[in-house]
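When we follow this note's numbering, the leftmost residue of the sequence shown carries the number 17, and every step to the right adds one. Virtual Cβ for every residue (Gly too), placed ideally from N, Cα, C. Below is one structure, written out as structure tokens; the observations come after it.
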Amino acid sequence: MSPSTCQLPDGLVDAMRHFSAIDAIYLYGSRAKGNARDDSDWDLAVIYTDYETDILERAVRPQMMEAELERLYPELELSVVDLREVPVPLQWNIIQGMKLFDRYVPAVRRLEHAIISAWEKDYER
17 MSPSTCQLPD
27 GLVDAMRHFS
37 AIDAIYLYGS
47 RAKGNARDDS
57 DWDLAVIYTD
67 YETDILERAV
77 RPQMMEAELE
87 RLYPELELSV
97 VDLREVPVPL
107 QWNIIQGMKL
117 FDRYVPAVRR
127 LEHAIISAWE
137 KDYER
């Protein structure tokens with residue numbers, strides 16, 4: 017893996033924070049693990065500050081952020097998910113990755129602890 021494959025593109029986190037109110041941003045997958053190839057995508061997860069009550073809006077919000085980031089960084093393949101909205105095994109994988117941004121608000125800790133508890137209860141044997 018070349019050094020450029022593990023270096024976060026300049027301004028990416030700031031662009032994500034500008035797009036929407038965010039409490040935390042995580043990098044997960046091969047780039048966070050350090051075994052990415054030059055053509056590996058950037059797997060990103062966010063915890064939004066506000067909970068979107070409309071189910072359709074909640075579903076498309078990360079997709080809209082992903083589309084905006086791809087417009088700003090056309091050379092990157094990006095994937096953005098809402099940490100609250102993915103299955104527990106993926107949530108576990110995400111919080112085991114790298115935290116790129118944290119507002120240090122209690123909601124982040126509560127969600128991380130809920131994920132750990134669900135993982136231990138349902139998946140760890």
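R100 to T69, Cα distance in whole Å? Near 12 Å, if we compare the C-alpha coordinates of T69 and R100.
Going by other Cβ atoms of all chains shown within 10 Å of its Cβ, with 16 needed for buried, is I71 buried or exposed? Counting Cβ neighbours within 10 Å, I71 comes out exposed, since fewer than 16 surround it.
Roughly how many whole angstroms lie between the Cα atoms of Q23 and D66? So the alpha carbons of these two residues sit roughly 29 Å apart.
Drop a sphere of 10 angstroms on the beta-carbon of R125, count the other beta-carbons inside from all chains shown, and report buried for 16 or more, exposed for fewer. Counting Cβ neighbours within 10 Å, R125 comes out exposed, since fewer than 16 surround it.
Go ahead and pull the three-state DSSP assignment for V76. DSSP places V76 in helix when its eight states are reduced to three.
Can you tell me whether S46 is helix, strand or coil according to DSSP? Look at S46 here: in three-state DSSP terms it is helix.
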